[in-house]
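The sequence shown: position 162 = 148 (the numbering used here), numbered continuously. All C-beta atoms, glycine included, are put in the ideal place defined by N, C-alpha and C. None of the values given here were measured: they were computed from a predicted structure. Structure first, then comments.
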Amino acid sequence: MKISVKRENGFVEYGVELKETTLLEVLNFVKQTQDNSLSFSSGCRSGVCGSCSMRVNEREVLACTYKVKDGDVIEPLRNVTLIRDLVVDMDKSYTFNAKSKSWLSSLNSDARLTSEDEKINEVQSDCILCGSCYSACPVYSVNEEFLGPFALTRVWKYVSDKRELDASEKIETIQTNGVWDCTLCNECTIVCPQNISSKADIEKLRVKSTIAGYSDPSFSNSFGGGFGFDGTPSF
Ligand code: FES
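Shown next as structure tokens:
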């Protein structure tokens, strides 16, 4: 079996005799037996820590759970800073969490979450920070400051949390480079190893935004004003 790995000076092909195994095991085998300089990240080896995310045949996968096939083409994640070979720096994507204020900002200490309440945003809590959604998102090719699927899913988690007394600041923050910049293409959802639908979360945030009086600025610009949510006739 042969695989191609993108490295600093282009693709390098490696031949291995392993079959029915994960990509991470193949990369470890190559590093131990053929090329000690090959760089990649890994941790738990069981799909939990998210550190081994990379692209195979132009699709984001976790190397520790993906069953490698002959001819696979391996590349690092996109939309992040490349450090070396398949190792990337995720810092920029993490800063979007801070920008989007994705935390409980005004806590209602009297509110108690029931098991039903916990189910509302249980899936969003399963994120393993692998960065696959950022890599798959096409918006970054035109807007590098887009808050992105990961941060917006976290915003939804806290906006929908009944312990949050005032979500208005979070809703305001996501109006710029946020909910209206998403194309709803669903690529983030397709690649998420935890089956989190950031697209659905962004759609729910759009509804919250509309209720709060905001509207899609691209519509506002097209028609010379808002849709009347602010009480101003726009036609
Ligand atoms: Fe932890 Fe792959 S090594 S998710």
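Burial state of residue i (16 or more Cβ within 10 Å)
| i | result |
| --- | --- |
| CYS178 | buried |
| ASN65 | buried |
| LEU10 | buried |
| PRO135 | buried |
| ASP216 | For ASP216, the pLDDT reaches just 44, beneath the cut-off of 50, and the residue's location in the model is therefore unreliable, although a value from the coordinates is still provided. Exposed, since its Cβ has fewer than 16 Cβ neighbours within 10 Å. |
| VAL16 | buried |
| ALA84 | exposed |
Beta-carbon proximity list for residue i, same chain, < 6 Å, skipping 5 on both sides
| i | result |
| --- | --- |
| GLY164 | LEU133 |
| ARG(-7) | ASP71 |
| GLY210 | Confidence is the limiting factor: at GLY210 the pLDDT is only 49, short of 50, which leaves the residue's position unreliable, though a coordinate-based value still follows. None. |
| LYS185 | LEU170, ASN172, THR175 |
| VAL(-2) | VAL(-9) |
Residues near residue i by beta carbon distance below 7 Å, same chain, minus five either side
| i | result |
| --- | --- |
| VAL141 | SER86, SER88, LYS156, ILE160, LEU191 |
| SER79 | VAL66, GLY117, TYR120, GLY134, PHE136 |
Cutoff 8 Å; reference residue i; Cβ partners in own chain excluding five residues on either side
| i | result |
| --- | --- |
| ALA97 | LYS148, ARG149 |
| SER154 | ALA198 |
Whole-Å CB distance - residue i paired with residue j, under 8 Å assumed
| i | j | result |
| --- | --- | --- |
| GLU61 | ARG41 | 4 Å |
| ALA49 | THR8 | 7 Å |
Inspect the CB distances between the region 20 to 34 and the region 90 to 107 and report whether three or more fall short of 8 Å. no
Curious, which full-length beta strand (DSSP E) runs of at least 3 residues does the region 0 to 57 contain? 39 to 42, 45 to 48
Fully enclosed by the region 116 to 167, which alpha helix (DSSP H) runs are 4 residues long or longer? The DSSP assignment places 118 to 122, 134 to 145, 154 to 159 as complete runs of the alpha helix (DSSP H) inside the region 116 to 167, in order along the chain (cut-off: 4 residues).
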